[in-house]
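Novice: Chains as they are written, first to last, in this note's numbering: chain A, 14 to 328; chain B, 397 to 694; chain C, -15 to 348.
Idealized CB from N, CA, C, for every residue including glycine.
Computed from a prediction, not measured in an experiment: that's the story for all the values here.
Before we start, here is the structure in question, set down as structure tokens.
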């Protein structure tokens, strides 16, 4: 593993985080007119507006405001919710477990379904199975995740009554209970990503199958599963990992709608309610946290590259 | 003697040392077929959008509280919603929103992304670095998350929501334009245009723009699909289309709220969204294949 | 035979015979077909056709040759002449859209062309090894050198990974790679081109196959490395009794390394001969043109400068002699007459040479 490369990537990640923070900071100050009045709403009393102005620190000169904000971020203090008065950091951290659960569930579903279907399609290129998988992938990309979620609820919760339609059960209430609440949201969230992964796996498998080293492996007698597992999938993994990495953001963004469909109080739900009530500190914190997670995912992908691709590992 | 005739052109490539990769001859007509179907569907949507008030069987806004959640029938082909409004008429009249709102978002993305991309691609240097860093930052946060933040500032409503979507999508277009511009500028005819003393603006209009039109057209088609999905999501969340006006996304919101009373209401608006998004995607892919020489394996 | 229809019906006849010959060869009594004692591979009338086409182009048509134990036979010709396809049909690694439609290829008593795909897969690596042109791209970039060399032993001999690795180390030493123990854990990109090709050879002969198919094994390498690889193959021939079928377009390599030569043109054999005979007294105008086109000591030929015209594209092969259009000696008879007689009796496809009308050296 080349430390220099990873350090470079980490620094780049930090730069992105700083820029994101700068943007969210500027965002509410770019609001036409007085941000405090906008936040408070049209019917607010002057006192309420003043209070908001005070609590956001808008009375200070801009550089001071920025310095305070930056110092807060570095010490883990993202301010307080204008609504509940609770610390934003606390609110966000409390909302992480449900979101993380469905996002990871979705990722697991997407990788399994996507790689399996994509590999099958790539290996049966041009035949009926391939056409069906490709059509399915096209459909998967065109379906809004919240619609998939509602269809799943209609089928599996309302009609068949197999799985719960709403809410989240923490792991503390048992793995089975937790999983039964995760399955449907995870599938709803993961469908689009599964379709993306299937497309790229298919393309990757087709590319790899045409490589001379596959013919060489076949000339050594490798066939069937030996060939696919040992040579084809290992080499397909490199482009597919990129797609999986990029899908981190999609999954995170997707939690916003999927959590609404399933009534799960995670990050997405917190974000929506904050937008509806114009709770800016929470929104800022949410955007920053999301950016942080994406940056971490990207770093992880960089490390994974090294594990899968020997050319990156030792150069 | 007869051997010289009737051989598919594929034969010439057969001797290649690698296992032959035949560009699947079966799929090409199939793809053309689906592309034509997508185009026909989109034209149909356009016609419906224009003619909606005349062809809708009912007034989409007409309430009939005594006939809420009516099942599918000859009178109401797709049933009615909570307030007894005809679902089919709502879907038909919402086709306007389904076309106009992505156009708003894509229009913004075009207005922001193309000039910025041209500037970065032609100028290079610091201008390019700064604009690219900005684009990377915007792209480092999930699109919907940034859109939420912008909606929070601008306020709810369809226009603001689509404005936000347009801003969020512009980095994608920026990257496409920047990349294509750089390639075009490398090519000799730009150099020769410079040599004969053409000004930057003139070069941009005469030489660069026509040459980046193809990738931009492809990207714009694909962005239409993404924008429609974004509109649906934001309206579903209550941040886009505000009642009593309806879009397919806000219809799904209503269906969601009455899911246990009328589960079938989920189907129709969703199908409308999926078909339209699928058509834009199919058209975009077909355009990409056609404009880049059809070398694609999916 | 002077009428076109007569010619094509004659061709149909020979194709039917070829199919019959193939059926006969795959039946048990024919597997012990007449075969010289030191012959490892005997290919007779190998024909490759396009799958499902009504009119067959004859991509490879009635190719016959043999490879002796410890010997080396060259398949030589310009690109597109069918030499690689001939070699790949022995391995059963033809592209999906073509198939072997006739002939036999008896490897130590078994007709490879009569085997099922599964049986053929079992023969690959175990009874026939293969090395290819680009050593870098024929090694799996995600797999260590040791694992790739050991792969065929694990597949065919069901050896454990560690047992295969022990053998892989010996093989690395055998193909002349220093510091073998450390190299086992290296990845292909960490080796030079010459080393990579040595690894490719080690992987191909890991199960001690009697026959190695080498498809342009030195083309992508520097001249000095080329010589080293040929030396290695020569050593393996001598010490392991390995028979080599060398596919090449390089006459210099042929002269240096092979004892028998099959000159191919447009999917068919022009002439087969011992190496010395071929260079001494070529028996086909194409062969003499080939030899004439190589300035001594210069680059291997890429196209025939001494002859006008081009090799016809696969699928548009003319009737009669496929070389006739470019042949300085061609007569009308050459384009009308079927040249596909038994190569065992006359090892050249040139009618006029067979009839004693010309002696091709004159062309040189």
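(1) How would you write the range of the alpha helix (DSSP H) that residue 159 of chain C sits in, first residue to last?
(2) Counting only Cβ-Cβ distances shorter than 9 Å, please list the residues of the stretch 236 to 251 of chain A near chain C, keeping chain order.
(3) Cβ atoms of residue 155 of chain A and residue 673 of chain B: under 9 Å apart, would you say?
(4) Measuring CA to CA, which of A:35, A:262, A:212 is closest to residue 143 of chain A?
(5) Taking beta-carbon pairs under 7 Å, can you tell me which members of the stretch 119 to 150 of chain C lie near chain A?
(6) In whole angstroms, what is the alpha-carbon distance linking residue 208 of chain C and residue 621 of chain B?
(7) From C:182, C:189, C:169, C:180, pick the residue whose C-alpha is nearest to that of residue 108 of chain C; which is it?
(8) Assuming residue 263 of chain A and residue 206 of chain A are in contact, meaning their beta carbons sit under 8 Å apart, how far apart are those beta carbons, in whole angstroms?
(9) Looking at the strands, I want to know which residues DSSP matches up with residue 112 of chain C.
(10) Closest by CA to residue 565 of chain B, which one among B:506, B:667, B:602, B:447?
(11) Output, in chain order, the set of chain A residues within a Cβ distance shorter than 8 Å of residue 187 of chain C.
(12) Restricting to Cα atoms, I'd like to know which of A:18, A:17, A:170, A:85 is closest to residue 336 of chain A.
(13) Given 8 Å as the limit, is there contact between the stretch 77 to 91 of chain A and the stretch 275 to 283 of chain A, that is, 3 or more CB pairs closer than that?
(14) For residue 658 of chain B, count neighbouring Cβ atoms within 10 angstroms of its own Cβ and tell me buried if that reaches 16, exposed if not.
(15) Output, in chain order, the set of chain A residues within a Cβ distance shorter than 8 Å of residue 173 of chain C.
(16) Taking a cut of 9 Å between CB atoms, which residues from the stretch 85 to 102 of chain A lie near chain B?
(17) Hey, how far is the Cα of residue 200 of chain C from the Cα of residue 239 of chain C?
(18) Can at least three beta-carbon pairs, one atom from the stretch 643 to 650 of chain B and one from the stretch 616 to 633 of chain B, be found at a separation below 8 Å?
(19) Within 10 Å of its beta-carbon, does residue 568 of chain B have 16 or more other beta-carbons around it, so buried, or fewer, so exposed?
(20) Which residues in chain D have a C-beta closer than 7 Å to the C-beta of residue 266 of chain A? List them in chain order.
(21) Check this for me: beta carbons of residue 323 of chain C and residue 62 of chain C, under 9 Å apart or not?
(22) How would you call residue 257 of chain C, buried or exposed, if buried means at least 16 neighbouring beta carbons within 10 angstroms?
(23) Take residue 608 of chain B and list the residues in its own chain whose beta-carbon comes closer than 7 Å to its own, dropping the five residues that flank it on each side.
(24) Along chain B, in chain order, which residues have C-beta atoms closer than 9 Å to that of residue 262 of chain A?
(25) Straight-line CA distance for residue 7 of chain C to residue 98 of chain C?
(26) In this structure, how does DSSP classify residue 156 of chain A when only helix, strand and coil are distinguished?
(27) Under 9 Å between C-beta atoms, does residue 555 of chain B make it to chain A?
(28) Where do the N-terminal and C-terminal ends of the alpha helix (DSSP H) with residue 513 of chain B fall, by residue?
(29) With burial defined as no fewer than 16 other Cβ atoms inside 10 Å of the residue's Cβ, what is the status of residue 439 of chain B: buried or exposed?
(30) Any idea if residue 286 of chain C is buried or exposed, counting beta-carbon neighbours within 10 angstroms, 16 or more meaning buried?
(31) Once DSSP output is grouped into helix, strand and coil, what is the label at residue 100 of chain A?
(32) Identify every residue that forms a DSSP beta bridge with residue 482 of chain B.
(33) Which residues in chain C sit within 7 Å of residue 226 of chain A, going by Cβ to Cβ distance?
(34) What residues in the stretch 544 to 569 of chain B bring their beta carbon closer than 9 Å to a beta carbon of chain A?
(35) Taking any Cβ of chain B, which residues in the stretch 174 to 200 of chain A have a Cβ under 7 Å from it, in chain order?
(36) Find the residues of chain B that neighbour residue 284 of chain A, judging by a C-beta separation of less than 8 Å, and give them in chain order.
Specialist: In brief:
(1) Run containing residue 159 of chain C: none; DSSP gives neither H nor E here.
(2) 236, 237, 239, 243, 244, 247, 248, 250, 251
(3) yes
(4) Ranking the options by Cα distance to residue 143 of chain A, first place goes to A:212.
(5) 121, 122, 123, 124, 125, 126, 135, 136, 139, 140
(6) 58 Å
(7) Closest by alpha carbon: C:189.
(8) 6 Å
(9) C:108, C:195
(10) B:506
(11) 229, 233
(12) There is simply no residue 336 of chain A to check, as chain A begins at 14 and stops at 328 in what is shown.
(13) no
(14) With 16 or more Cβ atoms within 10 Å of its Cβ, residue 658 of chain B is classed as buried.
(15) 323, 324
(16) Contact annotation: in the stretch 85 to 102 of chain A, no residue has its CB less than 9 Å from a CB in chain B.
(17) 15 Å
(18) yes
(19) buried
(20) Reference to chain D is not applicable here, since the protein chains of this structure are A, B and C.
(21) Against a cut-off of 9 Å, the Cβ pair of residue 62 of chain C and residue 323 of chain C comes out as no contact.
(22) buried
(23) 573, 576, 577, 580
(24) Residues of chain B whose Cβ lies closer than 9 Å to the Cβ of residue 262 of chain A are, in chain order, 535, 536, 537, 538, 539, 541.
(25) Its pLDDT being 46, under 50, residue 7 of chain C is placed unreliably by the model, and the measurement read from it follows with that caveat. Near 8 Å, if we compare the C-alpha coordinates of residue 98 of chain C and residue 7 of chain C.
(26) coil
(27) no
(28) 491 to 519
(29) exposed
(30) Its pLDDT being 46, under 50, residue 286 of chain C is placed unreliably in this model, and the value from its coordinates should be taken loosely. Exposed: under 16 other Cβ atoms inside 10 Å.
(31) strand
(32) B:476
(33) The answer, in chain order, is 121, 122, 123, 124.
(34) 544, 545, 546, 547, 548, 549, 550, 551, 552
(35) none
(36) 541, 544
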